[in-house]
Each structure stands twice: as structure tokens, then as C-alpha cells.
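All remarks here apply to the structure that follows.
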């Protein structure tokens, strides 16, 4: 048993900061604070209600301090765990634990990045690894390309199947007014785009944008009296398998297998029970790996699973309904945006891209080079 | 006991002699790479240094294209016959012709200037 209680916390506020390309002079604390301000407003709470702060960014070494000062808050619970793009799913389980134990009553999880404005090199400084750096891997692309090469070799996955993931994401993005990309995309356009690291062209790779946001969590009791319908945390799971791609135990099996198993067990749900699927799509191989590891199809069948628009609007399984990191936004560590979209879907706020009658959602984060995986299963009040 | 030489320094000294070194964990009964002070499989700190035969098999491969200028280049993961994996590249062959399962042989690459030597691989046709 994990000790975490199914439905022991609810997400009651969710908001993005400004996205895309923010103006000169904005920094990550500005964006995190803006996201928190909007998320707290969305919840019907005030900044002074926050007594738990969880945040991660690559651009502020002590973001917990900077953000507290900026907002004029003095949280009694703080967690700045940083494990890459999945950090925020880790934060959800940590917030759940803190709320359950009474370490705080209103917790916010925040993220911000100005990587498009300041450039990737400055936003995320590369660490030297004497065993990898000499080969000039263009990270993270080269690492994910190595994993993709293995999937193609073992299971016959094709570049066209990878491209299907990008095309489906674009179709969802066209239904999302907040999405960065505004034009349709075809499989030949993905295949014919500039090659970055074979088999990936630039269209197999997530966007580089600015952005941030926040979600607000509280106890189920307090959630009931707030502005929006609560979205309950039904299940959490996490797994770390490696840091560098050369140490990944099996290039075709991610820690999502383990994190998913934990989350499903806690939620008492199985893949067939999930209405909306939000998967970290830093590269087109990621959703394929995670659809397999999270049990939506068998290992090796992810490529054929995504064919024919199955994960696109109108398809059998709604995946990455905001347009994903591939077409909506990707400010470096994208995991928080999966949670925001899952919350909005479960509240029925998604307009043209709304999945009708959605009651359960999975938000799965990936960090590093397939290194950290963390799964959160959410549900509306009907699922309690 | 205080360690006098870092794992990296020992590894590098072997490379300077033309050898690809790795560690062996008697307690785990398996090879360890990259070199370190603690065995990740057993927790033991009793790691032995060994020199690899230099033969291996390509486990994964990609060709990375520089954003601005320069030729595309190979980046590969190589499984050495002794049971450890490392990142490297395969040279003396078109980078797109490097295939998974290809047998390869180690050689030392000595960059110009200050950069330390590092292992690369070349096709090892006929190697068992």
C-alpha cells in the first residue's frame, strides 16, 4: 500500500500563465506568480490561503524562496522536487501526502519558463557527462531518437506511424484557441521537414515556447465549498529508471509501466476505464511508448495503434486533447500542462475539443530522457 | 580508506594506453559502466577494473544533424561483449549505414587540443 488515500485531495484551480513568446524582461517567477494568481482566482481562493507551495523550474535555483517573496506568502509546506518534465506529477502525490497529513490545507503547484525568449542554452544549461558529451548528442533529441531506433528495430514501428502522433496532436491543437500552432499538418509534411536526429524531423519534436501555470489542491472537505467542481486525485504512481540514455535498462520499456501500475491500483481503475488520456509528448515516440506501458495497447503495438487517426479528434481514444507539447505549447518541463488540461476536460470546460461526458483522466509525465515517469489519475465527483 | 584516483581518472589513464576499461562487480557478478565508486546492482564498493576485448554490437543508432553547419554524425549505443553498454559512435562507414546488430570494434579517438581521448567504434566484419 502506498498510504496515499484515493480521493484524498482535489484539484480546485487550474490556469496557464501567458504562453508562447512573452515580452522582454519577463522572468520565470513572473510567469509562475501569474499562473498562481489565475489558478487561485479560478478556485475562488485568495493568495493568502496558500500554505503549501510546490514548484520547479530550471531558471531559478531557489524558486521556492523567490516565489514566496514575490507573492508575499509564507508557506509552511514547500517542495521544489525537480526531476524533469514529470516533476509536477511527483508534486501531486507529495501535495496529496501533505494535505492528508495536515502539513498544509491549500497547496499550489507552479511552473514557469522563458526558454523561447532567452534560448534553450540559457534556460536549461547542459551538464557535462564525460561518457556522453564527446559524442555530441543533441539532447534530448538524440537520446529519444536512440530509443525510437530500438522500437523500430524490435517492433517494425515506422516513421509514418510516428508522424501520425504529430498529425493527431495538430488536429487537437486546431480546436484549442490557446495553441501555438494554427495550421493543419500532414504525414508527408512531418516526414519531409528538417531532419534533427533520425528518425525525428523537427515535426516529431515538441515546440520550444515560453509559458507557465499552476494548479491548486486542497482537502476534499474544503473543495466542496469552492467555485469550481472538484477534480479528485484518484491515483498516483512514480518510477525512476535512469538519468542518461546509455543507462536506460530497456530502451523500449519505460518506467510508465511501474508508475501506471501503482496509479491504477490506487485508483481501482484499469485503462479501459479512462475517458481522457494526456501523455507527455516531447517526441512522437513518447505517446507510443506510454500507450503501451500504460496498458492502452500491447507492447510493440503502439505504432499500429495510433494509425488511422485513432488518437485524433473523433478517434477511439482521445489523447493529448490540448494539442500536446507537439502543437499547443512546450515550455521545457511540460508536465503541469497535462494536469491543467485533464482538469479542464473533467470540468467540461474545453469547448470544441471537449470529450463528451469525461469522468476520468490520466495525466502522465515524463522527465529527463525517459528517465522519470509519473502518473496521476483524476476523476470528477461521480468517480468517488 | 580514501580513494586516491577518481573512477574517471583511472578510466582515462587506460584510454591513454589504448585500452577500454570497465569495472567488474564480484558481488553482483556483472560488469558496471560508467565507472563509479559504488556498484549500482549490489551496493558493494569492491569494484575491480578490467580491460575489455573491444568487440561489441550496436544496440541503438541515430544520425544527428547539426542545426546550423557541419555534417550529420552518428551517435550509437554499443553493447560490449563483456556485458556493459556505452554511448559512442561508429566511424569509417556512412552514418546512416550503421545498423542495429552490427558487430563493431573499439579504437581510441584522440581529439585535437585539450579534449581527452575517448572510445569510438569501427565496423568489425567477420568478428564472431
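Residue numbers (my numbering), protein chains in the order written: chain A, 556 to 939; chain B, 4 to 131. Where is the CB? At the ideal position from N, CA and C, for every residue including glycine.
**Report entry** Integer Cβ distance of residue 565 of chain A from residue 787 of chain A, believed to fall under 8 Å
**Finding:** Looking up residue 565 of chain A in the first chain gives position 10. Looking up residue 787 of chain A in the first chain gives position 232. About 5 Å separates the two Cβ atoms, so the contact holds.
Requested in this report: Sort A/873, A/748 and A/816 by Cα distance to residue 910 of chain A and report the nearest one.
Outcome: Taking the first chain and counting its residues from 1, one reaches residue 910 of chain A at position 355. Comparing Cα-Cα distances from residue 910 of chain A to each of A/873, A/748 and A/816, the minimum goes to A/873.
**Report entry** Residues from the region 38–72 of chain B in contact with chain A, defined by Cβ distance under 9 Å
**Finding:** 38, 43, 62, 63, 64, 65, 66, 67, 68, 69 and 70
Report task. Closer than 6 Å by C-beta to residue 556 of chain A: which residues in its own chain qualify, once you throw out the five before and the five after it? Chain order, please. Result -> Counting from one through the first chain, the residue named residue 556 of chain A turns up at place 1. Confidence at residue 556 of chain A is low in this model, with a pLDDT of 43, below 50, so its placement is unreliable and the value that follows should be read with caution. Taken in chain order, the list of residues that qualify is empty.
Report task. Put residue 815 of chain A into one of helix, strand or coil per three-state DSSP. Result -> Position 260 of the first chain, counted from the start, is the residue given in the question as residue 815 of chain A. Here residue 815 of chain A sits in helix by DSSP.
Requested in this report: State the start and end residues of the unbroken alpha helix (DSSP H) segment that holds residue 642 of chain A.
Outcome: Taking the first chain and counting its residues from 1, the one referred to as residue 642 of chain A is at position 87. Note, residue 642 of chain A: alpha helix (DSSP H), 642–656.
Query raised in the report: Can you tell me where the beta strand (DSSP E) with residue 83 of chain B in it begins and where it stops?
Result: As a working mapping, residue 83 of chain B is identified with position 80 in the second chain. Here the beta strand (DSSP E) through residue 83 of chain B covers 76–83.
Query raised in the report: Taking Cβ-Cβ distances shorter than 7 Å, what residues in chain B pair up with residue 801 of chain A?
Result: In the first chain, the residue the question calls residue 801 of chain A occupies position 246. Those within 7 Å of residue 801 of chain A in chain B are 80, 88, 89 and 90.
Query raised in the report: For residue 756 of chain A, which beta-bridge partners are listed by DSSP?
Result: The residue labelled residue 756 of chain A in the question sits at position 201 within the first chain. A/750, per the DSSP bridge assignment.
Requested in this report: Give the residues from the region 638–651 of chain A that approach chain B closer than 8 Å (Cβ to any Cβ), ordered along the chain.
Outcome: none
Report task. Name the two residues that bound the continuous beta strand (DSSP E) containing residue 788 of chain A. Result -> Along the first chain, read from residue 1 onward, the residue named residue 788 of chain A stands at position 233. 786–795 is the span of the beta strand (DSSP E), which, as asked, contains residue 788 of chain A.
Query raised in the report: According to DSSP, is residue 126 of chain B helix, strand or coil?
Result: Stepping through the second chain from its first residue, residue 126 of chain B is reached at position 123. Strand at residue 126 of chain B.
Report task. Could you name the residues of the region 675–695 of chain A whose beta carbon sits closer than 8 Å to any beta carbon of chain B, in the order they occur along the chain? Result -> So the close ones are 685, 686, 687, 689, 690, 691, 692 and 693.
Query raised in the report: From the beta carbon of residue 23 of chain B, is the nearest beta carbon of chain A less than 9 Å away?
Result: For the purposes of this step, residue 23 of chain B is taken as residue 20 along the second chain, with counting starting at 1. Taking Cβ atoms only, chain A never reaches closer than 9 Å to residue 23 of chain B, which makes this a no.
Query raised in the report: With a Cβ-Cβ cutoff of 9 Å, do residue 65 of chain B and residue 704 of chain A count as a contact?
Result: What you label residue 65 of chain B is simply residue 62 of the second chain in a count that begins at 1. What you label residue 704 of chain A is simply residue 149 of the first chain in a count that begins at 1. Closer than 9 Å, so yes.
**Report entry** Cβ shell of residue 777 of chain A (< 7 Å), same chain only, five flanking positions each side left out
**Finding:** By 1-based counting over the first chain, the position of residue 777 of chain A is 222. 660.
Report task. Give the interface partners of residue 697 of chain A over in chain B, defined as CB-CB distance under 8 Å, in chain order. Result -> Position 142 of the first chain, counting from 1, holds the residue named residue 697 of chain A. What residue 697 of chain A touches in chain B: 65, 67 and 78.
Requested in this report: Put residue 770 of chain A into one of helix, strand or coil per three-state DSSP.
Outcome: If you number the first chain from 1, residue 770 of chain A lands on position 215. In the structure shown, residue 770 of chain A sits in a strand (DSSP, three-state: E or B).
**Report entry** alpha helix (DSSP H) runs contained entirely in the region 5–91 of chain B, provided each spans 4 or more residues
**Finding:** The region 5–91 of chain B is shown to contain whole alpha helix (DSSP H) runs of 4 or more residues at 10–19, in chain order.
Query raised in the report: Helix or strand or just coil, what does DSSP make of residue 885 of chain A?
Result: Reading the first chain from its first residue, position 330 is the one you call residue 885 of chain A. Of the three classes helix, strand and coil, the one that applies to residue 885 of chain A here is coil, per DSSP.
Query - Beta-carbon proximity of residue 721 of chain A to residue 758 of chain A, cut-off 9 Å - result: Working through the first chain from its first residue, we reach residue 721 of chain A at position 166. Working through the first chain from its first residue, we reach residue 758 of chain A at position 203. The criterion of a C-beta distance shorter than 9 Å is satisfied by residue 721 of chain A and residue 758 of chain A.
Query - C-beta contact flag for residue 928 of chain A and residue 733 of chain A at 9 Å - result: Looking up residue 928 of chain A in the first chain gives position 373. Looking up residue 733 of chain A in the first chain gives position 178. Contact: no.
Query raised in the report: Just by C-beta distance, which residues in the region 744–772 of chain A are closer than 7 Å to chain B?
Result: 750, 751, 752 and 753
Query raised in the report: What beta strand (DSSP E) runs, 3 residues minimum, are completely inside the region 611–644 of chain A?
Result: With a minimum length of 3 residues, the continuous beta strand (DSSP E) runs that stay inside the region 611–644 of chain A are 632–634.
Query - Members of the region 101–119 of chain B near chain A, C-beta cut-off 9 Å - result: 102, 103, 104, 112, 114, 118 and 119
Report task. Could you tell me the boundaries of the alpha helix (DSSP H) in which residue 841 of chain A lies? Result -> Locating residue 841 of chain A in the first chain gives position 286, where the first residue counts as 1. Note, residue 841 of chain A: alpha helix (DSSP H), 840–848.
Query raised in the report: Quick one: is residue 938 of chain A buried, meaning 16 or more other Cβ sit within 10 Å of its Cβ, or exposed?
Result: As a first step, residue 938 of chain A must be located in the first chain, where it is residue number 383. The residue is buried, with at least 16 neighbouring Cβ atoms inside 10 Å.
Requested in this report: Determine the DSSP secondary structure at residue 729 of chain A, reduced to helix, strand or coil.
Outcome: To locate residue 729 of chain A, count along the first chain from 1; it is residue 174. Coil.
Query raised in the report: Mind checking if residue 75 of chain B is an interface residue toward chain A, Cβ cutoff 9 Å exclusive?
Result: Residue 75 of chain B sits at position 72 when you count from the first residue of the second chain. Output row for residue 75 of chain B: interface = yes.
Report task. Please classify residue 560 of chain A: does DSSP put it in a helix, a strand, or coil? Result -> As a working note, residue 560 of chain A is residue 5 in the first chain. Note: residue 560 of chain A maps to coil in three-state DSSP.
Requested in this report: Would you verify that the beta carbon of residue 844 of chain A is, or is not, closer than 9 Å to some beta carbon of chain B?
Outcome: Taking the first chain and counting its residues from 1, one reaches residue 844 of chain A at position 289. Not closer than 9 Å to any Cβ of chain B, the Cβ of residue 844 of chain A fails to qualify, so no.
Query - Rounded straight-line distance, which links the Cα of residue 884 of chain A to that of residue 7 of chain B - result: Taking the first residue of the second chain as 1, we reach residue 7 of chain B at position 4. Taking the first residue of the first chain as 1, we reach residue 884 of chain A at position 329. One alpha carbon belongs to residue 7 of chain B, the other to residue 884 of chain A, and they sit about 49 Å apart.
Query - Proximity test, Cβ basis, 9 Å: residue 654 of chain A and chain B - result: Against the first chain, residue 654 of chain A aligns to sequence position 99. It does not; no Cβ of chain B falls within 9 Å.
Query - Alpha carbon of residue 615 of chain A to alpha carbon of residue 665 of chain A, nearest angstrom - result: Stepping through the first chain from its first residue, residue 615 of chain A is reached at position 60. Stepping through the first chain from its first residue, residue 665 of chain A is reached at position 110. Roughly 13 Å separates the two Cα atoms.
Query raised in the report: If the cut is a Cβ gap below 8 Å, which residues of chain A does residue 3 of chain B touch?
Result: Within the shown structure, residues of chain B are numbered from 4 to 131, placing residue 3 of chain B beyond reach of any answer.
Query - Check whether residue 956 of chain A and residue 724 of chain A have beta carbons under 9 Å apart - result: Residue 956 of chain A is absent from the model: chain A starts at 556 and stops at 939.
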